[in-house]
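See below for the structure under consideration.
There are 4 protein chains.
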Amino acid sequence: MRAPAQGSTRQSSSALGVAAIGYAFMGKAHSNAWRNAASFFDVPAIEQKVLVGRDARQVTEAAAKYGWAEAATDWREVIARDDIDIVDICTPGWMHAEIAIAALEAGKHVLVEKPLANTLAEAEAMAAAARAARERGVHSMIGFNYRRVPALALAKELIAEGRLGTVRHVRAAYQQDWLSDARSPMTWRLTKDTAGSGALGDIASHAIDQVLFLLGGSVTEVSGRLHTFVTSRPGTNGPEDVTVDDAAWVTLTHGSGAIASVEASRMATGQKNSLKLEVYGDKGALLFDLEELNELAFLDATLPVRERGFSRVLVTEPEHPYMNAWWPQGHIIGWEHTFTHEIRDFLTAIGNGTEPSPSFDDGLSVQRILAAVEESSAAKSSLIQLAGP
Amino acid sequence: MRAPAQGSTRQSSSALGVAAIGYAFMGKAHSNAWRNAASFFDVPAIEQKVLVGRDARQVTEAAAKYGWAEAATDWREVIARDDIDIVDICTPGWMHAEIAIAALEAGKHVLVEKPLANTLAEAEAMAAAARAARERGVHSMIGFNYRRVPALALAKELIAEGRLGTVRHVRAAYQQDWLSDARSPMTWRLTKDTAGSGALGDIASHAIDQVLFLLGGSVTEVSGRLHTFVTSRPGTNGPEDVTVDDAAWVTLTHGSGAIASVEASRMATGQKNSLKLEVYGDKGALLFDLEELNELAFLDATLPVRERGFSRVLVTEPEHPYMNAWWPQGHIIGWEHTFTHEIRDFLTAIGNGTEPSPSFDDGLSVQRILAAVEESSAAKSSLIQLAGP
Amino acid sequence: MRAPAQGSTRQSSSALGVAAIGYAFMGKAHSNAWRNAASFFDVPAIEQKVLVGRDARQVTEAAAKYGWAEAATDWREVIARDDIDIVDICTPGWMHAEIAIAALEAGKHVLVEKPLANTLAEAEAMAAAARAARERGVHSMIGFNYRRVPALALAKELIAEGRLGTVRHVRAAYQQDWLSDARSPMTWRLTKDTAGSGALGDIASHAIDQVLFLLGGSVTEVSGRLHTFVTSRPGTNGPEDVTVDDAAWVTLTHGSGAIASVEASRMATGQKNSLKLEVYGDKGALLFDLEELNELAFLDATLPVRERGFSRVLVTEPEHPYMNAWWPQGHIIGWEHTFTHEIRDFLTAIGNGTEPSPSFDDGLSVQRILAAVEESSAAKSSLIQLAGP
Amino acid sequence: MRAPAQGSTRQSSSALGVAAIGYAFMGKAHSNAWRNAASFFDVPAIEQKVLVGRDARQVTEAAAKYGWAEAATDWREVIARDDIDIVDICTPGWMHAEIAIAALEAGKHVLVEKPLANTLAEAEAMAAAARAARERGVHSMIGFNYRRVPALALAKELIAEGRLGTVRHVRAAYQQDWLSDARSPMTWRLTKDTAGSGALGDIASHAIDQVLFLLGGSVTEVSGRLHTFVTSRPGTNGPEDVTVDDAAWVTLTHGSGAIASVEASRMATGQKNSLKLEVYGDKGALLFDLEELNELAFLDATLPVRERGFSRVLVTEPEHPYMNAWWPQGHIIGWEHTFTHEIRDFLTAIGNGTEPSPSFDDGLSVQRILAAVEESSAAKSSLIQLAGP
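Sequences listed follow chains E, R, D and F, in order.
In terms of UniProt numbering, the first sequence has 154 at position 154, counting the first letter as 1, and numbering is strictly consecutive.
In terms of UniProt numbering, the second sequence has 20 at position 20, counting the first letter as 1, and numbering is strictly consecutive.
In terms of UniProt numbering, the third sequence has 126 at position 126, counting the first letter as 1, and numbering is strictly consecutive.
In terms of UniProt numbering, the fourth sequence has 117 at position 117, counting the first letter as 1, and numbering is strictly consecutive.
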């Protein structure tokens with residue numbers, strides 16, 4: 001007896017054809033999610049049609065390795081193909097706007113990695129394109145994958161249910177240390193032209209998005225500070241200038257009156273990929289660390305004082321967001337599955353004809369905050385007012 | 001440009017054909033590993049040919065979902081097929097011996113889930129069959145997947161390098177709580193006929209295997225105790241007797257003189273899937289907990305007292321076992337990838353014509369200890385001597 | 001305005017006169033408690049009359065340093081004095097019985113350090129003397145000071161209130177590493193004649209007492225194993241034999257049907273003074289570690305699964321046992337205050353004319369278990385039945 | 001044989017006479033330290049002469065309880081006494097300046113609780129008085145007691161030895177939750193007139209002092225933000241205005257180029273007394289939390305990547321600052337002993353005729369930063385330059 005195709009995803013003529021652009025870190029992570037989503041979740045059928053990259057040999061190898069039927073080097077040709085329904089953009093940020101807008105105009109659903117773009121102008125153009133496309137039933141989403149960490153999805157549920165009462169403040173930090181060694185070489189991530197910004201756009205953006213995700217609403221004020229500790233690094237032909245920040249410090253006023261502090265660093269020696277979140281309300285509080293992403297610490301301040309404390313909830317129960325699809329309780333999942341959940345939610349929204357979340361407008365909100373941080377930093381950390389949404 | 005097949009694994013005529021038997025928890029976990037190993041590791045090409053199960057409808061669905069080309073209900077027919085090179089046995093323990101021996105005799109490489117068998121006699125027959133098969137170039141492995149947790153592979157390296165000095169004692173526990181509620185229903189796992197034993201074979205076996213894995217060598221003496229806290233549970237037609245242990249307590253004498261204590265329970269309320277290991281030597285010590293499997297705590301007792309302490313090593317660096325294949329530092333992997341690593345090692349050994357490890361003989365060593373625990377428990381915990389290997 | 005004497009303790013003619021025997025580790029710790037109890041708790045007034053030790057110069061220095069009015073070298077003379085009401089025995093175990101029995105017969109209230117004695121016969125004689133003294137209004141207590149850790153007192157409350165439901169099993173360990181180095185010199189603690197036993201009496205006794213304290217009731221069965229890893233150590237005149245255990249492994253059957261495992265070691269490299277307790281019931285569970293003695297982890301299994309986890313309760317609230325006397329919430333106390341609490345409870349009982357707890361009979365219960373462990377260890381770990389209380 | 005007086009401290013005619021002013025929280029904590037310092041450390045002899053407070057009955061009771069020979073209500077009379085050598089000021093901040101300056105002028109050594117004063121002007125006057133007194137051999141110290149946490153003293157040693165290399169940034173937070181409940185009543189701590197500021201002066205000051213303590217040097221730039229979440233609280237006669245901050249967010253530029261972020265809150269639900277410090281250098285890093293004050297996490301980035309991680313050092317070894325005086329390794333000390341260490345260091349400096357540290361000038365440095373935070377907060381968080389020292 002021959003099995004129907006995997007999750008009805010591979011050979012079905014009605015399957016959605018997917019093209020991914022970029023085969024490096026994010027391309028590998030997204031590919032993994034496309035390859036596995038249907039093995040765990042009930043999602044519309046897809047086919048991994050084509051992986052796009054600039055280096056023909058490398059992209060061909062990557063395509064074979066990551067489960068794509070074909071490789072290609074010209075993204076414009078690919079988004080013009082009739083058999084492509086979805087374009088997944090995993091390129092560096094400076095390419096986002098051009099590809100995303102073209103793909104949306106070509107009627108393709110678009111998933112784009114965060115941050116939305118390297119500049120506010122690009123981000124605004126992308127959001128406008130997404131709004132226009134939505135009118136034609138074409139969907140788009142920005143890949144703030146940490147919204148799909150089960151523990152953070154649970155955190156959002158608890159806050160939305162009022163379990164924290166009025167949230168007063170948030171303390172967030174995204175700490176890495178891969179630039180701690182001053183002899184680490186120059187990369188495209190350290191040049192403003194290609195990366196837009198440093199720790200700010202790359203990792204603080206995740207923390208800022210979490211503030212918006214967890215609390216909803218919008219940010220009204222921003223104070224920021226950016227600093228580059230190592231201003232020159234070894235390049236291919238001698239020292240090159242680092243033109244982005246190594247670290248960022250931000251305070252945000254939320255529309256609700258809550259205040260959030262956000263710190264981001266690529267120089268936090270010993271911290272590898274630690275997005276720490278602390279949320280304090282008048283009825284409860286939450287703690288989270290991405291390095292132990294299967295755990296959420298929850299304090300219910302309505303319990304008797306005698307037994308009150310932060311509970312380490314291992315977020316691996318069938319009752320927890322996304323976890324029913326995986327393994328029995330206590331069997332932890334990995335970082336990569338935040339993308340599997342992202343693809344699951346993206347496909348589900350497409351299947352239902354609803355708008356996926358977070359939208360390009362959500363990405364734009366983050367982008368405006370990032371721009372305000374840069375503006376504030378240039379103005380001696382002075383508070384910047386943000387226009388209403 | 002059409003990409004070569006994924007990891008050269010799917011269509012290649014020289015690819016190894018794989019059949020998996022069993023589509024429940026372990027079948028799902030193994031399928032995931034077969035589907036993904038070639039996307040991360042350089043391994044001999046395979047094809048996921050056929051998934052075997054008793055219920056035709058369910059196995060067909062599972063095959064489609066988990067990436068198998070076909071489904072089948074008769075394992076005998078499948079192991080007779082010429083296009084099947086590898087048989088992966090994910091059934092309950094009472095079926096292991098018959099299938100594994102038949103598959104080995106049919107010239108198939110065999111991977112079997114732990115514990116090796118439900119009885120010592122079966123385990124001995126399997127080990128004999130594996131030894132005989134090896135002569136013919138047919139390989140076999142038992143799936144103690146926790147040997148492939150990167151943190152535990154690192155632990156083994158450190159011990160082997162002498163970083164702990166002389167290991168004096170090990171304290172191990174495997175704690176779960178899924179039977180904590182006395183109203184939880186009867187399952188095949190709670191009957192001696194189908195499961196062999198309870199917490200002993202299911203989870204204490206993992207802890208015991210770790211003692212052998214980490215310390216090498218063999219066990220010479222065993223004292224054990226088994227207990228069933230809830231002796232009757234709701235069955236389909238009223239209460240049914242639980243005929244296996246809910247919890248086990250064991251001390252082992254290792255050939256080196258080290259002593260290990262092992263505790264296992266399915267009643268440890270609040271512990272979900274916690275395999276805790278503590279290893280104490282005269283030069284260092286190690287701590288591990290499976291619920292945080294990306295971490296290893298290492299204490300180097302040769303450091304100055306002033307700065308000595310257990311270091312929480314986040315085992316996600318390229319320098320760590322298996323981790324070079326995954327994501328940048330700090331991006332944690334999940335429980336399931338212990339199987340991806342297992343398949344990687346199994347395939348690599350087959351490709352190299354070397355014997356995979358752990359072997360059926362390793363499985364038999366664990367089985368002999370499990371049998372001695374039962375014997376000791378029946379004899380008021382009295383120490384049982386084990387024959388030399 | 002002249003202040004009344006400290007806590008009415010120092011000059012009052014009605015104050016209870018205290019003599020302490022022993023000025024080493026335990027003498028220092030007890031002295032601290034005698035000196036400070038009245039500054040935090042409302043207790044009957046005491047005077048620190050005399051500190052007794054064998055070395056005249058050293059005891060005189062210690063007396064001055066630790067707040068005692070006098071020093072003395074002959075304990076017999078001291079217990080004969082009319083101005084002494086309380087005798088606090090901080091000597092090595094082999095001296096306990098003689099002093100305690102003499103003091104009780106002299107009509108002095110007696111506090112004795114644990115374990116009660118080095119042999120079961122001595123312990124039985126002491127318990128008989130205490131029972132006889134009680135008839136005459138003379139009180140006695142054994143110093144299992146960890147019963148006065150606020151977190152453990154809270155643990156007992158929670159268990160007594162049924163918050164754990166039926167306790168099924170306990171996992172306990174007392175781990176130290178001060179003998180990890182094989183070159184550590186010989187001491188009186190390593191000779192059977194002076195110390196009675198090694199890790200067993202010194203530290204496993206604490207863990208065993210906690211089982212009795214937390215669960216109440218008695219122990220009916222014991223299996224034990226003792227081991228000496230380093231059998232000879234440098235003495236003053238060359239190598240000397242170590243005649244006590246370095247480590248102990250025990251399982252206990254409690255009268256309630258619960259099973260406890262206890263492990264103790266002075267070779268657990270990296271563990272400094274770690275008494276770990278885990279208590280698992282069908283409605284909840286508790287975790288504790290003496291190295292973080294201000295914390296108790298409590299899991300309430302009646303909470304919804306979604307938010308269930310071990311809560312880290314910082315046991316520093318006014319609502320917590322003993323803590324109202326100390327500092328505001330979050331300001332932790334130290335190990336030494338377990339003795340301050342012990343003295344507080346001892347004095348309060350004397351003041352009220354009630355029997356302090358734990359009694360010499362409680363100490364005897366532990367002693368019987370220790371003896372059974374030794375008996376079982378000698379009998380290849382075979383289960384030993386304990387007579388009813 | 002009669003013992004010499006305790007630590008030669010109580011009756012010796014050459015003993016230093018101590019007066020403490022204030023018998024509430026800080027008075028109790030300081031008294032405990034005065035009472036016990038000589039039992040653990042070799043320090044110049046002292047006598048606890050007199051405790052001063054406004055309420056005659058209460059101060060008399062407190063004096064008796066806390067070990068003071070006398071009680072008094074008029075601090076001016078007390079500092080005029082010839083038998084008083086040391087004045088310890090434990091009053092609210094608004095009284096510090098007047099008492100400290102008068103005591104210094106009267107030739108008494110002065111210890112004053114932090115923060116130095118409620119206003120910068122007062123702080124400057126106090127520092128000037130201290131400088132003048134120093135010329136006459138009269139010593140003064142400000143009680144930033146957390147400089148005497150052994151783990152933080154160890155942290156300073158490690159930084160000073162270069163074990164962290166160049167420190168790049170510090171992340172600090174002092175979090176409490178005692179004002180989390182909006183119904184908590186008004187106190188003197190919530191009014192600007194009596195308290196000076198709220199979380200800023202009370203707790204952020206500790207974190208800021210730690211930056212100066214750990215890194216040495218001075219701060220050159222400050223950006224700050226203050227916020228009051230609950231602006232009115234129940235007073236004795238109806239609602240009263242809260243005129244101080246509930247929370248503060250600060251970034252500091254250190255003279256070395258390092259940047260520190262400091263967050264303080266009395267609304268961090270579930271955090272009881274958590275001063276968290278993170279220090280990141282290019283060769284190592286440190287983590288600390290006051291709720292587990294016996295621990296320091298140290299990461300040595302010069303170790304091989306494979307075994308690198310934060311080591312949990314239990315700072316209870318004889319090799320650790322202050323700890324040789326206490327108990328064997330692993331026996332933790334409490335929060336209160338930070339004061340015992342403070343008194344020890346103060347007395348030792350007096351005995352040696354050296355200047356105790358931290359000085360009033362150190363207190364003034366903190367005060368200038370606090371004032372700059374308030375100035376920056378009023379100026380929309382704009383960076384404020386600090387004049388050189």
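C-beta: ideal position from N, C-alpha, C; glycine also.
Treat the numbers as computed from the prediction; the structure is a model and nothing was measured.
Each residue's CA atom was taken as its position, placing Thr-243/R and Lys-192/R some 5 Å apart. Proximity of Asp-282/E to chain F, defined by a Cβ-Cβ separation below 8 Å, is satisfied.
Residue-level contact by beta carbon holds for Ile-259/D and chain R, with a gap shorter than 8 Å. Rounded to whole angstroms, the gap between the alpha carbons of Ala-62/R and Arg-308/R is 51 Å. With fewer than 16 neighbouring CB atoms inside 10 Å of its own CB, Trp-188/D falls in the exposed class. Look at the beta carbons and you see the segment 98-117 of chain R not touching the segment 302-321 of chain R: under three pairs across the two are nearer than 8 Å. Burial state of Pro-44/R is buried, judged by a 10 Å Cβ sphere holding 16 or more other Cβ atoms. Under the Cβ distance rule, His-331/E does not count among the residues neighbouring chain D, no pair being separated by less than 8 Å.
Linking Val-222/E to Trp-249/F through their CA atoms gives a straight-line distance of about 13 Å. Using a Cβ-Cβ distance cut-off of 8 Å, the segment 281-298 of chain F and the segment 143-153 of chain F are in contact, since at least three pairs of beta carbons, one from each stretch, lie closer than that value. With a cutoff of 8 Å on beta-carbon distance, Ser-197/R and Leu-370/R are scored as near each other.
The residue among His-337/F, Thr-236/F, Asp-245/F with its C-alpha nearest the C-alpha of Arg-35/F is His-337/F. Check the Cα spacing between Gly-137/F and each of Gly-363/F, Glu-375/F, Ala-349/F, Arg-368/F: the tightest is with Ala-349/F. Runs of the beta strand (DSSP E) lying entirely within the UniProt domain "GFO/IDH/MocA-like oxidoreductase" (154-286) of chain F and spanning at least 3 residues, in chain order: 167-175, 219-227, 232-235, 238-241, 247-254, 259-265, 274-281. A Cβ-Cβ separation of about 10 Å leaves Leu-275/E out of contact with Val-262/E under the 8 Å criterion. Distance from the CA atom of Asp-55/D to the CA atom of Thr-73/D, rounded to whole angstroms, is 7 Å. A residue is called buried when at least 16 other Cβ atoms come within 10 angstroms of its Cβ; Gln-385/D does not meet this threshold and is exposed.
The shortest CA-to-CA distance from Thr-194/D to any of Ala-29/D, Ala-260/D, Thr-119/D is the one to Thr-119/D.
Taking each of Asn-273/R, Asp-42/R, Ala-64/R, Arg-183/R in turn and checking the Cα distance to Pro-328/E, the smallest one comes out for Asn-273/R. Under the 8 Å criterion on CB atoms, Arg-312/F is classed as interfacial with respect to chain R. DSSP lists Ala-285/D as the bridge partner or partners of Leu-299/D. Rounded to whole angstroms, Val-18/F and Ala-151/D show a C-alpha spacing of 36 Å. Every alpha helix (DSSP H) of 4 residues or more that sits fully in the segment 47-76 of chain F is shown, in chain order, as 56-66. Just so you know, the alpha carbons of Ala-117/E and Gly-162/E end up roughly 34 Å apart.
Residue state for Ser-357/R is assigned as coil, using DSSP reduced to three classes. Measuring C-alpha to C-alpha distances from Ile-203/F to each of Gln-367/F, Ala-33/F, Ala-37/F identifies Gln-367/F as the nearest.
Shown here, His-320/E sits in coil according to DSSP, grouped into three states, outside any helix or strand.
Counting along the chain, the unbroken beta strand (DSSP E) around Arg-312/D starts and ends at 310-314.
The alpha-carbon separation between Asp-209/D and Met-267/E amounts to approximately 49 Å. Neighbours of Gly-22/D in chain E, taken as residues whose beta carbon is under 8 Å from its own, are absent, since the nearest beta carbon is some 37 Å off. In the DSSP assignment, Met-95/D falls outside any beta strand (DSSP E), carrying neither H nor E. At a cut-off of 8 Å, the C-beta of Ser-39/R has a neighbouring C-beta in chain E. Secondary structure note for Ser-140/D: it is in no alpha helix (DSSP H), and the uninterrupted beta strand (DSSP E) holding it is 140-143.
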